[in-house]
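Residues in the sequence shown are numbered consecutively from 1, following the working numbering. No residue lacks a Cβ here, since even glycine has one placed at the ideal position from N, Cα and C. Owing to the predicted nature of the structure, the values given are computational and were not obtained by experimental measurement. Right, one structure below, let's go through it.
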Amino acid sequence: MRKISIYILGLAMFITLWGCEKDFLEVNIDPNNPPSEVGTPELIFPSAVASSAGRLGGEYAVLGGMWSQHWTQSNAANQYKSVDQYNITSSSYNGAFSEMFSGALNDYTFVIDKSEETENWIYYLMGTVMKAYNYQVMVDLYDKLPYDEAFLGDANLAPVYEDGKDIYTKLIASIDTALIKDFSAATNTVPGKKDFLFEGDATKWKQFANTLKLKLYLRMINADPSAAQAGVESVFANGIGFLGEDAAMTQFEDAPDKSNPFFEYNFRQLNVATNLRASNTLMSYLLSNSDTRLDAIYKPGSGGQFAMYQGQFNASSTAIDPDQPSVAKQSPIEPVRFISAAESYFMQAEAIERFGVTGDAKAMYDAGVTAAFEQFAFDAQYNEYNLDAAPFIAAGGKYEYPSGGSLENKIEAIIVQKWVSCVGSHSLESFFEQNRTGYPQVSTVPGSDPTYVAGQFTYSLEGVTGGLFPKRLVFPDIEINRNPNTPAKVAVTEKVWWAK
């Protein structure tokens with residue numbers, strides 16, 4: 001994946017210059033490898049965010065999209081066959097793992113440490129929230145990771161691995177520490193464009209932090225329900241509030257090394273626009289509900305809107321003309337959403353229903369569906385779609401909230417709508433949520449069966465895991481070969497600590 005590493009370096013340079021042009025004109029340094037004596041939070045933070053976006057919104061997004069059954073591998077290509085058949089080994093995702101730790105997470109640690117030295121608390125908060133977010137994703141993928149002994153450089157080249165549950169507890173504690181700092185102190189600087197998410201708006205960063213805590217607590221519902229309840233009650237009672245807009249990186253251009261990482265990774269660098277085809281799982285759901293987002297999510301093939309079954313990549317060209325299936329739409333300027341507004345609303349709806357905290361679950365659900373429709377208002381060709389969620393969430397609509405239903409009816413409605421909302425650079429989240437909640441449900445019959453229920457997951461036709469769905473990634477060679485404390489080999493089907 002050398003091209004991806006080069007892309008991330010190029011993206012980091014472009015984005016960092018976009019936010020910090022004056023700094024680089026005055027100081028002749030490489031923003032991706034600054035000497036320690038000139039490295040500052042203002043310089044390093046933008047590069048760290050670009051690093052996060054490059055991996056989480058790139059190859060990890062492809063993984064999430066396939067394992068969320070938004071997309072499947074084309075039968076005219078083989079780029080992602082191993083992902084589509086769950087054939088993940090220790091040679092998979094080495095570059096992504098390395099970049100997340102030696103790049104993004106290491107940089108956020110630097111930002112936190114330097115900001116604490118100078119009492120620059122806004123950067124301290126920004127670095128803490130982004131480090132916690134990135135760690136949450138990596139823990140959800142790998143379960144156990146180095147934490148306390150990580151990022152010590154030559155002082156410790158073999159950090160011990162810690163349980164994911166313990167890391168979650170420490171992430172929450174780190175966020176709590178950051179939230180009580182004095183953001184009005186004279187020692188704070190104004191990030192402006194160097195903060196790609198909120199331009200240094202401390203209120204929005206606090207809401208991002210609180211929303212991230214809500215996510216962490218909801219992840220715990222199966223493993224530690226009492227801690228989940230207490231935590232959810234605390235984030236609803238602290239007065240900070242939650243995100244009402246995307247926490248996203250939006251500064252992309254339609255140009256090489258400047259575009260959305262999913263587009264860059266899957267389309268521009270491979271020079272193939274048709275690797276990812278519509279999965280029957282998602283398309284059947286959209287079609288069965290006459291969902292107007294269909295044409296914004298998939299580009300019709302020669303057969304109109306047509307999907308492949310998950311893992312059908314070995315189908316002959318006689319069985320499926322390679323030009324027939326619909327193609328995943330990809331935009332060079334699509335934001336990389338770390339937490340979307342839709343996700344924030346859906347999490348609040350779930351918390352209200354599960355734990356009885358103050359709020360209107362239906363209103364939050366409706367807001368989530370509305371925000372999810374708005375996400376797809378423009379497609380990869382900059383076509384505008386008139387996507388109105390109102391008829392869908394109205395009384396009698398396809399996505400009307402089941403106010404009179406059981407708790408499970410309500411949770412299923414919330415999570416399935418979240419699943420649809422995550423299509424694109426945020427698709428990894430819907431993979432995690434399916435493992436946490438069991439929604440969308442797993443079908444007991446193949447997608448081709450007349451009794452198949454639209455939108456239910458089906459096992460890959462070429463799956464290599466004996467009918468078991470993937471739950472995680474396995475530890476990569478780059479860790480196994482360098483760190484003797486790396487845990488023993490685990491199967492891709494082994495659950496992480498919070499899974500249902």
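Using C-beta distances below 6 Å, list every residue in its chain close to residue i, excluding the 5 sequence neighbours before and after it, in chain order.
{"i": "proline 332", "result": "Asp254, Ser259, Asn260 and Phe263"}
{"i": "arginine 482", "result": "none"}
{"i": "threonine 274", "result": "Ser74 and Val327"}
{"i": "tyrosine 217", "result": "Ala228, Gly231 and Val232"}
{"i": "glycine 64", "result": "Ser427, Leu428 and Phe431"}
{"i": "asparagine 409", "result": "Pro402"}
{"i": "proline 35", "result": "Any reading at proline 35 is ruled out, since the residue's pLDDT is 47, under 50, leaving its predicted position unreliable."}
{"i": "proline 484", "result": "Ala158"}
{"i": "arginine 55", "result": "Ala96, Glu99 and Met100"}
With residue i and residue j assumed to form a contact (beta carbons below 8 Å), what rounded beta-carbon distance in angstroms separates them?
{"i": "tyrosine 401", "j": "alanine 367", "result": "The Cβ separation is near 11 Å, so there is no contact."}
{"i": "glycine 233", "j": "phenylalanine 355", "result": "Looking at the sequence shown, residue 233 is not glycine but glutamate. Yes, they are in contact, since the Cβ atoms of glutamate 233 and phenylalanine 355 sit about 7 Å apart, within 8 Å."}
{"i": "threonine 458", "j": "proline 446", "result": "6 Å"}
{"i": "alanine 361", "j": "glutamate 353", "result": "5 Å"}
{"i": "phenylalanine 183", "j": "alanine 247", "result": "Their Cβ separation, rounded to whole angstroms, is 17 Å, which puts phenylalanine 183 and alanine 247 out of contact at 8 Å."}
{"i": "glutamate 350", "j": "isoleucine 411", "result": "6 Å"}
{"i": "methionine 249", "j": "alanine 53", "result": "5 Å"}
Give a yes or no on whether the C-beta atoms belonging to residue i and residue j are separated by under 8 Å.
{"i": "valine 474", "j": "threonine 89", "result": "yes"}
{"i": "isoleucine 415", "j": "tyrosine 439", "result": "yes"}
{"i": "arginine 293", "j": "phenylalanine 378", "result": "no"}
{"i": "tyrosine 93", "j": "proline 476", "result": "yes"}
{"i": "isoleucine 240", "j": "lysine 206", "result": "yes"}
{"i": "valine 129", "j": "isoleucine 175", "result": "yes"}
{"i": "lysine 471", "j": "valine 492", "result": "yes"}
{"i": "serine 68", "j": "serine 421", "result": "no"}
{"i": "asparagine 120", "j": "threonine 177", "result": "no"}
{"i": "leucine 214", "j": "tyrosine 133", "result": "no"}
{"i": "glutamine 269", "j": "phenylalanine 196", "result": "no"}
{"i": "tyrosine 265", "j": "valine 62", "result": "yes"}
{"i": "alanine 454", "j": "serine 288", "result": "yes"}
{"i": "tyrosine 124", "j": "proline 191", "result": "no"}
{"i": "tyrosine 80", "j": "methionine 66", "result": "yes"}
{"i": "phenylalanine 236", "j": "threonine 72", "result": "no"}
{"i": "glutamate 462", "j": "asparagine 238", "result": "no"}
{"i": "serine 425", "j": "glycine 57", "result": "yes"}
Below 7 Å CB to CB, which residues in the same chain sit around residue i once its five sequence neighbours on both sides are set aside?
{"i": "isoleucine 480", "result": "Ser90 and Thr486"}
{"i": "tyrosine 60", "result": "Ala96 and Leu428"}
{"i": "lysine 144", "result": "Tyr161, Glu162, Asp163, Gly164 and Pro487"}
{"i": "glutamate 26", "result": "Low confidence applies to glutamate 26: its pLDDT is 36, below 50, so where it sits in the model is not reliable, and the reading given next is rough at best. So the list is empty, once near-sequence residues are dropped."}
{"i": "aspartate 323", "result": "Gly301 and Ser302"}
{"i": "histidine 70", "result": "Ser279, Leu282, Val423 and Ser427"}
{"i": "glycine 497", "result": "Reading off the sequence, residue 497 comes out as tryptophan, not glycine. So the list reads Asp143, Asp163, Gly164, Lys165 and Ala223, once near-sequence residues are dropped."}
{"i": "tyrosine 298", "result": "Ala278, Met283, Gln305, Ser326, Val327, Ala328 and Lys329"}
{"i": "leucine 243", "result": "Gln207, Phe208, Thr211, Ile339, Ala341 and Ser344"}
{"i": "leucine 141", "result": "Arg472 and Leu473"}
{"i": "isoleucine 6", "result": "Any reading at isoleucine 6 is ruled out, since the residue's pLDDT is 49, under 50, leaving its predicted position unreliable."}
{"i": "lysine 181", "result": "Trp121, Tyr124 and Leu125"}
For residue i, does the three-state DSSP call read helix, strand or coil?
{"i": "phenylalanine 262", "result": "helix"}
{"i": "tyrosine 161", "result": "strand"}
{"i": "phenylalanine 431", "result": "helix"}
{"i": "valine 137", "result": "helix"}
{"i": "proline 35", "result": "Confidence in proline 35 is poor, its pLDDT being 47 and thus under 50, which makes the residue's placement unreliable; the coordinate value appears in the next sentence. Coil."}
{"i": "valine 416", "result": "helix"}
{"i": "methionine 126", "result": "helix"}
{"i": "phenylalanine 236", "result": "helix"}
{"i": "threonine 358", "result": "coil"}
{"i": "phenylalanine 196", "result": "coil"}
{"i": "glutamine 375", "result": "helix"}
{"i": "leucine 276", "result": "strand"}
{"i": "threonine 339", "result": "At residue 339 the sequence reads isoleucine, which differs from the threonine that was named. Strand at isoleucine 339."}
{"i": "alanine 454", "result": "coil"}
{"i": "alanine 202", "result": "helix"}
{"i": "methionine 364", "result": "helix"}
{"i": "glutamine 330", "result": "coil"}
{"i": "methionine 66", "result": "helix"}
Which residues in the same chain as residue i place their Cβ atom closer than 8 Å to its Cβ, once the five residues preceding and following it in sequence are excluded?
{"i": "alanine 529", "result": "This structure leaves residue 529 out entirely; the chain is present only between 1 and 500."}
{"i": "tyrosine 452", "result": "Ser284, Ser443, Val445, Pro446 and Thr458"}
{"i": "glutamine 456", "result": "Thr281, Pro440, Gln441, Val442 and Ser443"}
{"i": "tyrosine 135", "result": "Leu105, Leu145, Tyr147, Ile167 and Leu171"}
{"i": "glycine 467", "result": "Tyr459"}
{"i": "tyrosine 385", "result": "Thr292, Arg293, Asp295, Ala296, Phe376, Ala377, Phe378 and Asp379"}
{"i": "serine 317", "result": "Asn75 and Ala76"}
{"i": "asparagine 399", "result": "The displayed chain sequence assigns tyrosine, not asparagine, to residue 399. Asn289, Val369, Ala389, Phe392, Ile393, Ala413 and Gln417, listed in sequence order."}
(message) Quick check: the region 296–310 against the region 336–350, are at least 3 beta-carbon pairs closer than 8 Å?
(response) no
(request) Would you be able to state if there are at least three C-beta pairs under 8 Å between the region 392–408 and the region 361–377? (result) yes
(request) Decide if the region 38–46 is in contact with the region 107–118; the criterion is three or more beta carbon pairs, one per stretch, under 8 Å apart. (result) yes
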